[in-house]
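The structure under discussion appears below in the form of structure tokens.
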Amino acid sequence: RPDIEFQGVFLNPAATSDVDSLGFVKFSFTDGDGDLGLNDQDSTGQFALGEDYYYNLFIRYFEKQNGNYVEVIPPQPFHVRFERLSAVGGNGALEGEMDVRFYTDPTSLFDTVKYEMYIVDRSLQHSDTIVTPDLVFDF
Numbered sequence: 002r003p004d005i006e007f008q009g010v011f012l013n014p015a016a017t018s019d020v021d022s023l024g025f026v027k028f029s030f031t032d033g034d035g036d037l038g039l040n041d042q043d044s045t046g047q048f049a050l051g052e053d054y055y056y057n058l059f060i061r062y063f064e065k066q067n068g069n070y071v072e073v074i075p076p077q078p079f080h081v082r083f084e085r086l087s088a089v090g091g092n093g094a095l096e097g098e099m100d101v102r103f104y105t106d107p108t109s110l111f112d113t114v115k116y117e118m119y120i121v122d123r124s125l126q127h128s129d130t131i132v133t134p135d136l137v138f139d140f
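Under this note's numbering, read the sequence shown as residues 2 to 140, first letter to last.
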């Protein structure tokens with residue numbers, strides 16, 4: 002199964018509103034099977050648009066509301082579908098780093114958020130979930 006490890010959050014100092022990319026989350030990944038990513042041919046069955054595994058990087062968004070985190074489901078999911086990855090040297094095992102841009106809900110009245118992320122390989126094996134620290138925005 003794939004493994005991911007949180008590396009950090011990097012804020013975009015040029016962001017002027019919550020509709021801009023506010024920055025990115027960096028994580029490292031390894032996958033011994035080397036079956037990470039999807040290409041255009043991976044568009045039927047469980048990988049078809051509208052199915053559970055159309056995306057392969059899942060992002061859950063939480064707002065701190067009155068002292069407690071509440072998951073918010075945005076109108077458009079923050080999930081990502083990334084391309085098939087290939088190993089250097091051809092041994093099949095994958096390792097590397099990934100940067101994922103993040104956004105907030107532009108209709109939110111709350112300034113503190115966090116994200117949970119995990120990846121899924123083509124065998125539908127889920128990685129562990131990484132969690133960002135609290136992120137505070139003042140727009």
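By construction, the Cβ of each residue, glycine as well, lies at the ideal position given by its N, Cα and C atoms. All values derive from a computational prediction rather than experimental measurement.
DSSP places F83 outside both helix and strand once states are collapsed to three, so it counts as coil.
Residue range D4 to L12 is occupied by the beta strand (DSSP E) that includes G9. Secondary structure in the stretch 31-79: the beta strand (DSSP E) runs of 3 residues or longer, each lying completely within the stretch, are 58-66 and 69-73 in chain order.
Judged by DSSP in its simplified three-state form, G93 adopts coil rather than helix or strand.
Between the C-alpha atoms of A88 and R2 there is a straight-line separation of about 16 angstroms.
In terms of CA proximity to V132, K27 leads the group N13, A94 and K27.
Within its own chain, the residues whose Cβ lies closer than 7 angstroms to the Cβ of P75, once the five positions on either side in sequence are excluded, are Y62 and D106, listed in chain order.
Q8 and N57 have their C-alpha atoms some 19 angstroms from each other. Residues of the same chain with a CB within less than 8 angstroms of the CB of D135, apart from the 5 flanking positions on each side, are K65, T113, V114 and K115 in chain order. Between G38 and R102, the C-beta spacing is not below 8 angstroms.
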